[in-house]
Amino acid sequence: MANHLAIDSGGTKVLGILYDDDFTPKAISRVGSFRTNTTSPELVRHNMEQMQKELGLVPGTVIDSVNGIVYQEFVDFLQKTCEIRQINSFGELEAGLHAACIFGDGMMTLSGTGSNVGAFYQGQFYVEGGYGASVSDAGSGYWMARDAMNAAIADNSGYGDPTMLTGLIAAHFGFPKERFHDAVFSIYNNTDFSPVAQVASCAPLVSQAASAGDRIACEILKQTGLILGKQAVALIRKKQLPDSLPMTISGSVWRSHRILFDAFADCIHAQSPKRPICIPEFEPIVGIMIRHYHMLHGDFDENARQLFKTLYPQYRFEMQI
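This is the structure in structure tokens:
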């Protein structure tokens, strides 16, 4: 039975699924980032070695195809010991559109560790944002978590409004609220994860605080949705993208409180009242395999949809709306 590998390389994690010709999973691995601009070379190497081991890609393994958001560094790493027969590398936009079962033109707003807005339209590719955490990935999980950090710092220092985020962030890093300062500085001493990844890991705390009624957290979510919407509207206006072009969303931040999605949708529909916003059925890793299926079979019918729902229930896209 053949070996196919789907790879979803993100800012804080890389997810890999080894599957056969029937798209049945053979092994799954989730490791830290392969991005050399935010992660040390030593840690990137460790993450690659861990993924190879967890997927069971022992020396001499033949990999019939590698599909998805694939860094060349990882391909080079695997090829030292394995034979790769085909590489189908593409971006987050294609993975996200296929996860929403959009197989033609479409738009997608990504908000994970990083963020951007992309579109395929009439044979052209367009993108807005995506400048990276070192500059400004506005609307990303890192961006939102950094706002939460700043709000907690202001609260802890006495010049900001009280917020639950202070205690939640301290506890997230294993400290009581009274040692918030130590909690923040522990980020720089962790050799297993990059500082960007550790800050971004605080993003779910904003949703947690908002669900408990924290005013500061609710405002952060609203502003995150608004800036994502503004970026999408800017691309729509700049490239004159019609209302008929469907939009989808992708990334872990969308699992947050519905305040974020509502602010985003309101912003989009103020500019494009009739534009459909399609909630994806699957996570991007499944979108990568759906793209592979569509390439092989030329379609993706209801039977195929049910197949992937059955094989990968843990990768259904869920958000609070």
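Each residue of the sequence shown is one higher than the one before, counting from 7 in our numbering. All C-beta atoms, glycine included, are put in the ideal place defined by N, C-alpha and C. Bear in mind the structure is a predicted one, so any value in this text is a computation, not a measurement.
Open item on the list: Does A151 pass the burial test, meaning 16 or more other C-beta atoms within 10 Å, or should it be called exposed?
Closed with: buried
Open item on the list: I'd like the list of long-range same chain contacts for K183, defined as Cβ closer than 7 Å, with 5 residues on each side in sequence excluded.
Closed with: T172, G173 and A176
TODO: Output yes or no for whether 8 Å exceeds the beta carbon distance between A144 and S121.
DONE: yes
Open item on the list: With DSSP as the reference, identify every bridge partner of D14, one or two as the case may be.
Closed with: L21 and I75
Task: Residue of M7, H10 and Q214 minimising C-alpha distance to L266 - done: Q214
- [ ] Can you tell me which of the three DSSP states F40 falls into?
- [x] coil
Task: A238 and V123 closer than 8 Å at C-beta - done: yes
Open item on the list: Am I right that V259 and G147 are in contact with their C-beta atoms under 8 Å? What's the rounded C-beta distance?
Closed with: 5 Å
- [ ] Using three-state DSSP, classify R51 as helix, strand or coil.
- [x] helix
- [ ] Would you tell me roughly how many angstroms separate the C-alpha atoms of I34 and R185, rounded to the nearest one?
- [x] 37 Å
Task: Rounded separation between V37 and C224 - CA only - done: 31 Å
Task: Reduced DSSP category for P347 - H, G, I as helix; E, B as strand; rest coil - done: Outside the displayed span of the chain (7 to 327) sits residue 347, for which this structure offers no information.
- [ ] Could you name the residues that DSSP lists as bridge partners for T254?
- [x] M114 and C284
Task: Which listed residue (Q128, M114 and C208) has its alpha carbon closest to that of A158 - done: C208
Open item on the list: Pull the bridge partners of Y127 from the DSSP assignment, please.
Closed with: Q130
Open item on the list: I'd like to know whether the C-beta atoms of H299 and F288 end up nearer to each other than 8 Å.
Closed with: In the sequence under discussion, the amino acid at residue 299 is Tyr, which differs from the His named in the question. Going by C-beta atoms, Y299 is not nearer than 8 Å to F288.
TODO: Alpha carbon to alpha carbon, how far is F314 from E308? Give it in angstroms, no decimals.
DONE: 10 Å
Task: Candidates P201, M54 and P31, of which the one nearest P319 by Cα - done: P31
Open item on the list: Which same chain residues end up closer than 7 Å to R291 when comparing Cβ atoms and leaving out the 5 residues on each side of it in sequence?
Closed with: Sequence check: residue 291 is Ile here, not Arg. Excluding sequence neighbours, I291 sits near A12, D14, L21, I23 and Y321.
TODO: Using 10 angstroms around the beta-carbon of A8, count the other beta-carbons present and answer buried if the total reaches 16, otherwise exposed.
DONE: exposed
Task: Helix, strand or coil at Y318 [DSSP, three-state] - done: coil
- [ ] Drop a sphere of 10 angstroms on the beta-carbon of A101, count the other beta-carbons inside from all chains shown, and report buried for 16 or more, exposed for fewer.
- [x] buried
TODO: Return the first residue and the last residue of the alpha helix (DSSP H) that N196 is part of.
DONE: No alpha helix (DSSP H) contains N196, which DSSP labels as neither H nor E.
Task: Contact under 8 Å by Cβ, E98 with L84 - done: no
- [ ] Mind checking which residues open and close the alpha helix (DSSP H) that includes N162?
- [x] G147 to S163
TODO: State the DSSP-derived secondary structure class of V190, mapped to helix, strand or coil.
DONE: helix
Task: Residue environment, N53, which counts as buried when at least 16 other CB atoms sit within 10 Å - done: buried
- [ ] Spell out the partners DSSP gives S371 in its beta bridges.
- [x] Outside the displayed span of the chain (7 to 327) sits residue 371, for which this structure offers no information.
Open item on the list: I'd like the span of the beta strand (DSSP E) that includes I93, first residue to last.
Closed with: I93 to S95
Open item on the list: Does N122 come out as helix, strand or coil in the three-state DSSP assignment?
Closed with: strand
Open item on the list: How far does the alpha helix (DSSP H) with F323 in it extend, from its first residue to its last?
Closed with: F323 -> no alpha helix (DSSP H), and no H or E assigned at all.
Task: Segment limits, alpha helix (DSSP H) that includes V239 - done: R221 to K245
Task: With 16 other Cβ atoms within 10 Å as the buried cut-off, status of D220 - done: buried
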